[in-house]
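To get the working numbering, take the position in the sequence shown, counting from 1, and add 643. Ideal Cβ positions, reconstructed from N, Cα and C, are used throughout, including at glycine. What follows is one structure encoded as structure tokens, with my remarks underneath.
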Amino acid sequence: MAKIDKTVKKETIYISGFVIVLSVFLELVFYIFHEWDYTVLLGNLLGAVAAILNFFLMGITIQKAVLLDEDAAKTKVKLSQMLRMLMLVIFAVITCVFDCFNLIPFVITLLFPRVAIFFRPRFDKIKNSNN
Numbered sequence: 644m645a646k647i648d649k650t651v652k653k654e655t656i657y658i659s660g661f662v663i664v665l666s667v668f669l670e671l672v673f674y675i676f677h678e679w680d681y682t683v684l685l686g687n688l689l690g691a692v693a694a695i696l697n698f699f700l701m702g703i704t705i706q707k708a709v710l711l712d713e714d715a716a717k718t719k720v721k722l723s724q725m726l727r728m729l730m731l732v733i734f735a736v737i738t739c740v741f742d743c744f745n746l747i748p749f750v751i752t753l754l755f756p757r758v759a760i761f762f763r764p765r766f767d768k769i770k771n772s773n774n
């Protein structure tokens, strides 16, 4: 197995931090509206695992794809995308089948990496202006 690139590690940690912070906020929202129970927490945790794992696997795929020729890279990325989507569907099915998971926080948590990616350039701009 190839060594994990430092950029993949760094970005996965960034995404993980964002997912954790937004997950705490999500739990608070459910609590404030008196809708919180253990299923919200478990749905949120499963969604966080799925979202972070999905991002990490995407990073590994890109790390490997940049070393390939263009056609092989496209094929590898498409296959990875399909398998990662299948993984997310399996997580969603698990959430639906078992009553211990709440589907709503699971689905919301899957969106957190997109929010983190949206804010990344803004944080970098702030960081660079402070240096």
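A residue is called buried when at least 16 other Cβ atoms come within 10 angstroms of its Cβ; Glu-678 does not meet this threshold and is exposed. For the options Ile-769, Asp-767 and Val-758, the alpha carbon positioned closest to that of Val-664 is the one of Val-758.
With contacts defined as CB atoms closer than 7 Å, Gly-702 and Pro-748 fail to qualify as a contacting pair. Under the three-state reduction of DSSP output, Leu-754 falls in the coil class, being neither helix nor strand.
Collapsing the DSSP output to three states places Leu-729 in a helix. When rounded, the separation of the alpha-carbon atoms in Ile-656 and Cys-743 is 28 Å.
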